[in-house]
Amino acid sequence: MTSDAGAVAGFRRGPVAAAAEVNIETLRYYERRGLLAEPDRSPGGHRLYPAEAVTVLRVIKAAQQRGFTLDEVADLLELGRHRHGKRVDAGLQQRAREKLIEVEDRIADLKTIRDNLSAAIDAGCDDLVAWASADCCPIPFTAITIHPASAAATAEDGSR
Numbered sequence: 001m002t003s004d005a006g007a008v009a010g011f012r013r014g015p016v017a018a019a020a021e022v023n024i025e026t027l028r029y030y031e032r033r034g035l036l037a038e039p040d041r042s043p044g045g046h047r048l049y050p051a052e053a054v055t056v057l058r059v060i061k062a063a064q065q066r067g068f069t070l071d072e073v074a075d076l077l078e079l080g081r082h083r084h085g086k087r088v089d090a091g092l093q094q095r096a097r098e099k100l101i102e103v104e105d106r107i108a109d110l111k112t113i114r115d116n117l118s119a120a121i122d123a124g125c126d127d128l129v130a131w132a133s134a135d136c137c138p139i140p141f142t143a144i145t146i147h148p149a150s151a152a153a154t155a156e157d158g159s160r
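Residues 1 to 160 (full-length UniProt numbering) make up the sequence shown, in order.
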């Protein structure tokens, strides 16, 4: 950005990072990964970010908090950049649905793990190897962390 006088306008790293509630290293990392556009530079060589950089940083953090990986966030940002002002579905709805299914599967797996650990505690299991061969062992060693839906998905992926 330049003003009428030709000076570059923008915000330096520290204030941008503080406003977005990220640290400077995070800002640098996102820039290296291409999640954040490379900013203009001041005549002295300082990076000067536009005000929109704070919004982009907040969007990245919000997407991560909702379970999206940085690769997925980068993909969504890239799709959004190619809209060229048109109202085009950037794929967020579909990606959010897919992420929700993934999260629900992980929750089901964690519930299976919780149930198995509770059963092991209730049964007084102290020696994993000894209990593994006992008829009273509540731990299903063949499928301890596999939820039926996850197992089916893994089987389908493996057969392709």
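Just so it is clear, CB atoms sit at the ideal spot from N, CA and C, and this is done for glycine as well. In this text, all values refer to a predicted model and were calculated from it rather than measured experimentally.
Looking at A63, G34, R33, H46, the one whose alpha-carbon comes closest to that of P15 is H46. Under the three-state reduction of DSSP output, R12 falls in the coil class, being neither helix nor strand.
With fewer than 16 neighbouring CB atoms inside 10 Å of its own CB, G34 falls in the exposed class. Within the UniProt domain "HTH merR-type" (16 to 79), the complete alpha helix (DSSP H) segments of 4 residues or longer fall at 24 to 33, 52 to 65, listed in chain order.
When the Cα atoms are used, R58 and V73 turn out to be separated by approximately 12 Å. Annotation: E38 to L92 spans about 24 Å, alpha carbon to alpha carbon.
Classified as buried, L27 has 16 or more neighbouring CB atoms from the shown chains inside 10 Å of its CB.
In the DSSP assignment, D122 falls within the alpha helix (DSSP H) that extends over 92 to 123.
Comparing C-alpha distances from T55 to each of F11, A20, R66 shows the shortest one belongs to A20. Between the alpha carbons of D109 and E102 lies a distance of about 11 Å.
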